[in-house]
Amino acid sequence: VQLQASGGGSVQAGGSLRLSCAASGLIIRINTMNWYRQVVGQQRELVATITSGKSTDYADPVKGRFTISRDNAKNTVFLQMNSLKPEDTAVYYCNARRVIAPKYDYWGQGTQVTVSS
């Protein structure tokens, strides 16, 4: 299984970025897919989730600004990030996790997002 994250970059506050996570060896539409972010020296935090039923959930700091979605045909998950703030600066990781047997927990390599004020 591989999760290939891309789309990170540097933007000014108020700008937008769209992250992509292309999956191989795993069918995203039947999995719960997550986006996490991590700042150096801090714990990785959950940012957004999309379930197999397309239910979505967001961390409070990003609600109303970030949108998680997926393209089943491309087997890709997206994170649209609008109205970016400097505190959104982090490395963003996509994740596929199954908590019932057969359990698994796959991570992408991370993509850097830097927001300047």
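Numbering-wise (our numbering), the sequence shown opens with residue 90 and increments by one. No residue lacks a Cβ here, since even glycine has one placed at the ideal position from N, Cα and C.
Serine 105 sits away from threonine 200, with the two beta carbons spaced by 8 Å or more. Distance check between asparagine 171 and each of Asn120, Cys183, Thr140, Ile157 places Ile157 closest, using alpha-carbon atoms only. The residue from Ala111, Arg107, Gln91, Val90 with its alpha-carbon nearest to that of glycine 98 is Arg107.
Contact check for leucine 92 against glycine 197 passes: the beta carbons are separated by less than 8 Å. Valine 202 and isoleucine 117 have their alpha carbons spaced roughly 23 Å apart. Distance from the Cα of arginine 187 is smallest, within the candidate group Asn161, Ser205, Thr178, Met122, for Met122.
Comparing alpha carbon positions, the residue from Asp194, Leu173, Ala179 closest to glycine 103 is Leu173.
Within 10 angstroms of the beta-carbon of isoleucine 139 lie 16 or more other beta-carbons, which makes it buried. When secondary structure is reduced to three states using DSSP, isoleucine 119 falls in the helix class. Under the 10 Å beta carbon count, valine 166 is surrounded by 16 or more other beta carbons and is classified as buried. Sequence-distant partners of serine 141 (beyond 5 residues in either direction) whose C-beta falls short of 7 Å from its own C-beta, in its chain, are Arg118, Ile119, Asn120, Thr121.
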